[in-house]
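Numbering (this note's numbering), first residue to last: 9 to 94.
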């Protein structure tokens with residue numbers, strides 16, 4: 009069974025390709041480092057849903073997910089598709 013609370017294998021949420029793919033479906037994304045962890049913020053322009061996640065750079069496991077979980081599933085799917093594109 010797939011763990012939905014990990015960043016897809018080989019995907020960086022702060023990469024230009026992932027940001028472009030998210031923007032194409034109406035999701036703005038911002039990333040920054042705080043307290044030694046990678047933080048990501050996602051905002052869906054159409055419905056106003058907001059999501060903040062903190063990901064470990066080593067394990068890719070999310071240590072914190074705050075906000076709309078449905079938005080995370082969308083971000084995860086789009087990021088996986090963008091990350092697997094050549």
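Using N, Cα and C, we set each Cβ at its ideal position, and we do this for glycine too.
Every value quoted in this text rests on a predicted model; they were computed, and no experiment measured them.
_DSSP three-state assignment for residue 91, whether helix, strand or coil_ = Reduced to three states, the DSSP call for residue 91 is helix.
*Go ahead and pull the three-state DSSP assignment for residue 36.*
DSSP places residue 36 within a strand segment (E or B) once states are collapsed to three.
_Beta-bridge partners of residue 45, as assigned by DSSP_ = In the DSSP assignment, residue 45 is bridged to 42.
*Can residue 37 and residue 19 be called in contact, C-beta distance under 8 Å?*
Taking 8 Å as the Cβ cut-off, residue 37 and residue 19 do not qualify as a contacting pair.
*In this structure, does DSSP put residue 29 in helix, strand or coil?*
Secondary structure at residue 29: helix, using DSSP grouped into helix, strand and coil.
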